[in-house]
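K.L.:
Under our numbering, think of the first position of the sequence shown as 47, with each following residue one higher. For glycine and all other residues, C-beta sits at the position ideal for the given N, C-alpha and C. Just so we're clear, the structure is a prediction, and the values are computed from it rather than from any experiment.
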Amino acid sequence: MNPQMDAVQERAQRQLGALEDVHGQLARLRATGLGDGGRVRVEVDGNGTLLELELLPGAGGGKGPRLAEEIVGAAVRAATDVFARRAQIMQEFCGEFEALTDVAGTEPVDLVRPVP
């Protein structure tokens, strides 16, 4: 290959590495929310999807509507936490990816010949 194509390939490899890294971070994201003095515990993934629900004896004080409120409240707290962490990961990624795609200082190269 030529040096320009080598540079394009190297940049693409770095970009792919950054994408794989952020994908892994997002896939591993988890958050826990508590309610009713710790008697309600929920775990959500990076999308806010409920993964786990744990109810200890006495949760909701034996009242269905109160238990429902405690579950929803714990889930909202967990989702809020995970979304904040997700936003931070994405903000860092965008800065990193922008640096990886920056071609400032290089002259445009016409790598494709026009069709006659």
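(1) Going by CA-CA distance only, name the one from V86, G92 and K109 that's closest to M136.
(2) Taking Cβ positions, are V88 and A124 nearer each other than 8 Å?
(3) Taking one C-beta from the stretch 57-75 and one from the stretch 108-118 each time, how about it: are there three or more such pairs within less than 8 Å?
(4) To the nearest angstrom, how far is the alpha carbon of G94 from that of E100?
(5) With DSSP collapsed to three states, give me the class of R112.
(6) Taking the alpha carbon of Q134 as the reference point, which residue from L72, P49 and L96 has its own alpha carbon closest?
(7) For T147, name the three-state secondary structure that DSSP assigns.
(8) Of the choices G84, V90, D67 and R57, whose alpha-carbon is the least far from that of E116?
P.N.:
Based on what the coordinates show:
(1) Within the sequence shown, residue 136 is the residue found at index 90, counting from 1. Taking each of V86, G92 and K109 in turn and checking the Cα distance to M136, the smallest one comes out for G92.
(2) On the sequence shown, residue 88 is found 42 positions in, with the first residue counted as 1. On the sequence shown, residue 124 is found 78 positions in, with the first residue counted as 1. In this structure, A124 lies closer than 8 Å to V88 by Cβ.
(3) no
(4) In the sequence shown, counting from the first residue as 1, residue 94 sits at position 48. In the sequence shown, counting from the first residue as 1, residue 100 sits at position 54. CA-to-CA, the gap between G94 and E100 works out to about 16 Å.
(5) Residue 112 sits at position 66 when you count from the first residue of the sequence shown. It is helical.
(6) Translated into positions along the sequence shown, residue 134 becomes position 88. Nearest option by C-alpha distance: L72.
(7) For the purposes of this step, residue 147 is taken as the residue at position 101 of the sequence shown. It is helical.
(8) Counting from one through the sequence shown, the residue named residue 116 turns up at place 70. The shortest C-alpha separation from E116 is found at G84.
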